């Protein structure tokens, strides 16, 4: 059995996933399986991937499902991973040639039942680190601790599969396609730390149609998913400031979803009531942004 599963959710990424594949071919350590979750692509992703499977250069499994969004693809991946460790590499990203070797060497040397896995760095194609590195004297942290103490930028997590599957699946809301992936990570943070590895494990390139570029649309189209996420964040956030910000977002999402019971459903009722004026302002900003984007698309 392989030690690491690299899983890739893919939705109409036939034009970028080849770069991911080529980087996996170049890995200095081949102790991994590549699990591709095709989330209802309408391009030729399936044809391309089946060609790679036939080449048999690396271990690949391919699962196709109806479109559920990124979190639904993660659910399917976690249901099907059969290795001790796993990490997600998006279909528009790729791995440095020695990333798998670094992960497994580091885990074999430092890993234990006390840790949920590893947290490493993201970088751009020119080698610049996204956000901040970890302090040199820091051996372990949680995501929330890292960001609460001034850390910034996307980071790459490698989780133990037995740990990631101890926690609830991402919920699927009818007609919506987004729940923040940090939902599970926040829950894990309550019980485990991650070993810090100050090395880039993924090279990222944010696509114009990726979720990072379309957050206002995501807010508008997936209000129940965001409300669910914010309720969890209210409980798990390590600071009162972050809890209050979560309440502001929760109020805005509740207005979008027309949920009149949002105060009763909030785990932080008093804080939510205080956040209502700010939530209304945030809702108006989201609505204005959506209307502005619609006008731009109409005139383009």
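Numbering (the working numbering), first residue to last: 49 to 348. From the three backbone atoms N, C-alpha and C, an ideal C-beta is built for every residue, glycine too. These figures come from a predicted structure and were not determined experimentally.
Element boundaries [beta strand (DSSP E), containing residue i]
i: residue 208; result: 203 to 208
i: residue 168; result: 163 to 171
i: residue 133; result: 133 to 136
i: residue 110; result: 108 to 113
i: residue 241; result: 241 to 251
6 angstroms Cβ shell around residue i - same chain, five flanking residues per side excluded
i: residue 168; result: 204, 245, 247, 249
i: residue 8; result: Residue 8 lies beyond the range of the chain shown here (49 to 348); nothing can be said about it.
i: residue 117; result: 225, 226
Residue j beta carbon less than 8 angstroms from that of residue i
i: residue 52; j: residue 91; result: no
i: residue 242; j: residue 188; result: yes
i: residue 70; j: residue 140; result: no
i: residue 282; j: residue 294; result: yes
i: residue 124; j: residue 151; result: no
i: residue 277; j: residue 231; result: yes
i: residue 303; j: residue 331; result: yes
Distance between residue j and residue i (C-alpha atoms, nearest Å)
i: residue 196; j: residue 211; result: 23 angstroms
i: residue 333; j: residue 296; result: 12 angstroms
i: residue 95; j: residue 60; result: 12 angstroms
i: residue 76; j: residue 147; result: 8 angstroms
i: residue 81; j: residue 56; result: 11 angstroms
i: residue 313; j: residue 280; result: 11 angstroms
i: residue 65; j: residue 251; result: 13 angstroms
i: residue 222; j: residue 273; result: 10 angstroms
i: residue 89; j: residue 138; result: 14 angstroms
i: residue 237; j: residue 209; result: 15 angstroms
Any chain D beta carbon closer than 8 angstroms to residue i
i: residue 97; result: The structure shown contains no chain D; it holds only a single protein chain.
Extent of the continuous alpha helix (DSSP H) to which residue i belongs
i: residue 313; result: 310 to 313
i: residue 183; result: From DSSP, residue 183 is part of no alpha helix (DSSP H); its letter is neither H nor E.
i: residue 229; result: No alpha helix (DSSP H) holds residue 229; DSSP gives it neither H nor E.
i: residue 154; result: 147 to 158
Close beta carbons around residue i, own chain, < 8 angstroms, minus the five adjacent residues each side
i: residue 355; result: Given that the chain is displayed from residue 49 to residue 348, the structure contains no residue 355 and the question cannot be resolved.
i: residue 98; result: 110
i: residue 202; result: 170, 178, 179, 252
i: residue 50; result: 79, 80, 81, 107, 131
i: residue 341; result: 264, 265
Neighbourhood of residue i by C-beta, 7 angstroms cutoff - its chain only, sequence neighbours within 5 removed
i: residue 240; result: 163, 164, 211
i: residue 126; result: 212, 213
Exercise. Can you find at least 3 beta carbon pairs, one from the region 108 to 117 and one from the region 171 to 187, that sit closer than 8 angstroms?
Worked result: Flag = no, the region 108 to 117 and the region 171 to 187 do not touch.
Exercise. How do the region 222 to 230 and the region 143 to 159 stand: do at least 3 beta-carbon pairs fall below 8 angstroms, yes or no?
Worked result: No, because fewer than three Cβ pairs between the region 222 to 230 and the region 143 to 159 fall closer than 8 angstroms, the two stretches do not touch.
For this session: Take every Cβ of the region 307 to 316, pair it with every Cβ of the region 262 to 269, and state whether three or more of those distances are shorter than 8 angstroms.
Result: Here the region 307 to 316 does not lie against the region 262 to 269, with fewer than 3 beta-carbon pairs under 8 angstroms apart.
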